[in-house]
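First the structure, in the form of structure tokens, and then the observations on it.
Residue numbers (the numbering used here): 2 to 351.
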């Protein structure tokens with residue numbers, strides 16, 4: 002069970018609460034009267050694939066990712082559109098810390114911050130409209146919410162599991178109104194749902210995991226779920242006690258290179274970065290455009306090459322990433338993408 006004592010919150014009048022953090026300071030510029038940017042016309046009309054980036058063309062995804070990183074690097078706080086695009090990609094890949102970092106940089110543009118926060122809290126679909134003050138317009142019954150983990154507290158390290166929470170009071174789903182709270186602690190993540198008014202309503206939730214952790218067991222009202230890979234479904238009835246969804250963490254080791262402090266090594270600049278996998282590996286459809294995007298972003302050679310332990314190397318040995326056709330393959334690519342963002346946008350990292 003989660004402890005009742007929680008850390009202090011910044012509580013804006015809109016009913017959305019974030020823990021004391023850089024993200025909360027960015028959100029503080031949004032008032033009840035702030036009119037959010039219309040994402041349909043300002044972003045999605047030109048980039049419709051952003052409604053589900055991870056399910057679209059990998060070549061388009063990684064190409065735009067690299068272009069937006071360059072734009073964001075060259076215009077730190079004055080480029081809300083590329084930041085919104087990068088936030089959308091990071092959220093779709095469950096890179097929650099990166100998504101919150103991009104949100105922090107939207108603090109200088111409250112209309113964009115108001116439009117993008119619901120993408121992280123409570124995790125509404127990317128194409129759902131948002132009203133004044135960053136409050137989502139009524140969601141459809143049965144909606145699947147995909148919240149981000151609460152943003153890191155100020156001065157916490159990236160791997161911190163210190164207790165913190167975010168919440169939305171008065172979230173409209175159909176004709177019903179509910180309260181939504183997400184809390185993280187060292188043992189797991191919990192979402193609490195409370196019916197406030199209106200008829201019965203169904204909600205689905207995908208529990209998030211922080212970097213370095215995976216959810217191994219899920220519970221609905223403290224009853225273990227038999228099929229944890231599916232979104233957790235709850236029916237909220239008038240007059241009921243709140244429902245509790247809980248995911249227990251298990252540490253997940255990820256063997257990734259460290260982030261250089263200054264410049265890339267001569268080895269990778271001259272030898273390039275290559276991804277080795279089988280010739281018919283379906284993961285190549287995702288990995289090849291990613292390797293090419295990295296090469297264009299940093300100015301080194303890269304791509305896919307077949308496994309060949311006898312291959313002679315040139316004067317500079319390339320950096321090689323070996324991928325396996327399992328669940329770890331995409332996670333390794335996503336981890337490298339996060340490192341690349343951290344290197345390109347060094348000033349963003351605390």
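Each residue gets a CB set at the ideal place from its N, CA and C atoms; glycine is no exception.
>> Taking its Cβ as the centre, do 16 or more other Cβ atoms sit within 10 Å of residue 196, making it buried, or is it exposed?
In response: On the chain shown, residue 196 is found 195 positions in, with the first residue counted as 1. Looking at its Cβ environment, which holds 16 or more other Cβ atoms inside 10 Å, residue 196 is buried.
>> Among the candidates 222, 172, 265, whose CA atom is the shortest distance from the CA of residue 199?
In response: Here residue 199 refers to the residue found at position 198 of the chain shown. Residue 199 has its Cα closest to that of 172, out of 222, 172, 265.
> Would you call residue 168 buried or exposed, if buried means 16 or more other Cβ atoms sit within 10 Å of its Cβ?
Replying inline: Mapped onto the chain shown, residue 168 falls at position 167. Looking at its Cβ environment, which holds 16 or more other Cβ atoms inside 10 Å, residue 168 is buried.
> Using the C-alpha atoms, what's the distance from residue 143 back to residue 225?
Replying inline: The residue labelled residue 225 in the question sits at position 224 within the chain shown. The residue labelled residue 143 in the question sits at position 142 within the chain shown. Each residue's Cα considered, the two are about 21 Å apart.
>> By DSSP's criteria, residue 180 is part of a beta bridge. Which residues make up the other side?
In response: Here residue 180 refers to the residue found at position 179 when the chain shown is read from its first residue. Its beta-bridge partners are 195.
> Rounded to a whole number of angstroms, what is the C-alpha to C-alpha distance between residue 177 and residue 282?
Replying inline: Along the chain shown, one-based indexing puts residue 177 at 176. Along the chain shown, one-based indexing puts residue 282 at 281. Straight-line Cα distance between these residues: approximately 47 Å.
>> I'd like to know whether the C-beta atoms of residue 45 and residue 69 end up nearer to each other than 8 Å.
In response: Residue 45 sits at position 44 when you count from the first residue of the chain shown. Residue 69 sits at position 68 when you count from the first residue of the chain shown. No, Cβ-Cβ distance for residue 45 and residue 69 is not below 8 Å.
> Cα-Cα, which of 158, 324, 318 is closest to residue 273?
Replying inline: As a position in the chain shown, residue 273 is number 272, starting the count at 1. For the residues 158, 324, 318, the minimum Cα distance to residue 273 belongs to 318.
> Which first and last residues belong to the alpha helix (DSSP H) in which residue 103 is found?
Replying inline: Counting from one through the chain shown, the residue named residue 103 turns up at place 102. Residues 97-105.
> Going by C-alpha distance, which of 91, 112, 174 is nearest residue 149?
Replying inline: Within the chain shown, the letter at position 148 stands for residue 149. Nearest option by C-alpha distance: 91.
> How long is the line joining the alpha carbons of residue 290 and residue 333, rounded to whole angstroms?
Replying inline: Here residue 290 refers to the residue found at position 289 when the chain shown is read from its first residue. Here residue 333 refers to the residue found at position 332 when the chain shown is read from its first residue. About 15 Å.
>> Suppose the cutoff is 7 Å on Cβ atoms and the five residues either side in sequence are ignored; what does the same chain contact list for residue 115 look like?
In response: Here residue 115 is taken as the residue at index 114 of the chain shown, counted from 1. Excluding positions up to five away in sequence, the list reads 31, 35, 37, 131, 134, 135.
>> For the beta strand (DSSP E) containing residue 219, name the first residue and the last one.
In response: To locate residue 219, count along the chain shown from 1; it is residue 218. Segment 214-221, the beta strand (DSSP E) holding residue 219.
> Using the C-alpha atoms, what's the distance from residue 73 back to residue 183?
Replying inline: Start at 1 with the first residue of the chain shown, and residue 183 comes out as number 182. Start at 1 with the first residue of the chain shown, and residue 73 comes out as number 72. Rounded to whole angstroms, residue 183 to residue 73 spans 29 Å at the Cα level.
> Of all the options 211, 264, 140, 266, which has the alpha carbon lying nearest to the alpha carbon of residue 99?
Replying inline: As a working note, residue 99 is residue 98 in the chain shown. The candidate whose alpha carbon is nearest that of residue 99 is 211.
> Apart from the five residues just before and just after residue 170, which ones in its own chain have a Cβ nearer than 6 Å to its Cβ?
Replying inline: As a first step, residue 170 is located in the chain shown; it is residue number 169 there, counting from the start. For residue 170, where only same-chain residues beyond five positions count, the Cβ hits under 6 Å are 16, 180.
>> Alpha carbons only, please: which of 152, 71, 201, 28 is nearest the one belonging to residue 141?
In response: Mapped onto the chain shown, residue 141 falls at position 140. Residue 141 has its Cα closest to that of 201, out of 152, 71, 201, 28.
>> Rounded to the nearest angstrom, what separates residue 340 and residue 96 at their Cα positions?
In response: Within the chain shown, numbered from 1, the residue matching residue 340 stands at position 339. Within the chain shown, numbered from 1, the residue matching residue 96 stands at position 95. Taking the straight line joining both Cα atoms gives about 11 Å.
>> Let me check understanding here. Comparing Cα to Cα, which of 284, 264, 276 lies closest to residue 300?
In response: The residue you call residue 300 lines up with position 299 of the chain shown. With distances taken between Cα atoms, residue 300 lies closest to 264.
> Do you know offhand how far residue 356's Cα is from residue 112's?
Replying inline: One cannot answer for residue 356 here, as it falls past the ends of the chain, which runs 2 to 351.
> Is it buried or exposed for residue 292, if we count other Cβ within 10 angstroms and need 16 for buried?
Replying inline: For the purposes of this step, residue 292 is taken as the residue at position 291 of the chain shown. Under this definition residue 292 is a buried residue.
> Taking the C-alpha atoms as reference points, what is the distance between residue 50 and residue 57?
Replying inline: To locate residue 50, count along the chain shown from 1; it is residue 49. To locate residue 57, count along the chain shown from 1; it is residue 56. For residue 50 and residue 57, the distance between alpha carbons rounds to 6 Å.
> Under the rule that 16 or more other beta-carbon atoms within 10 Å means buried, what is residue 209, buried or exposed?
Replying inline: Taking the chain shown and counting its residues from 1, the one referred to as residue 209 is at position 208. Flag for residue 209 reads buried.
> Would you report the Cα separation of residue 124 and residue 137, rounded to the nearest angstrom?
Replying inline: Taking the first residue of the chain shown as 1, we reach residue 124 at position 123. Taking the first residue of the chain shown as 1, we reach residue 137 at position 136. Distance between the alpha carbons of residue 124 and residue 137 is about 10 Å.
> By how many angstroms is the C-alpha of residue 270 removed from the C-alpha of residue 322?
Replying inline: The residue you call residue 322 lines up with position 321 of the chain shown. The residue you call residue 270 lines up with position 269 of the chain shown. The alpha-carbon atoms of residue 322 and residue 270 are separated by roughly 15 Å.
>> Considering Cα atoms alone, identify which of 331, 294, 344 is closest to residue 355.
In response: Since the first and last residues shown for the chain are 2 and 351, residue 355 lies out of range.
> Buried or exposed: where does residue 23 fall if 16 or more other Cβ atoms within 10 Å of its Cβ makes it buried?
Replying inline: Counting from one through the chain shown, the residue named residue 23 turns up at place 22. With 16 or more other Cβ atoms within 10 Å, it is buried.
> Where do the ends of the alpha helix (DSSP H) carrying residue 66 lie?
Replying inline: Along the chain shown, one-based indexing puts residue 66 at 65. Under the DSSP assignment, residue 66 falls in the alpha helix (DSSP H) whose first and last residues are 59-75.
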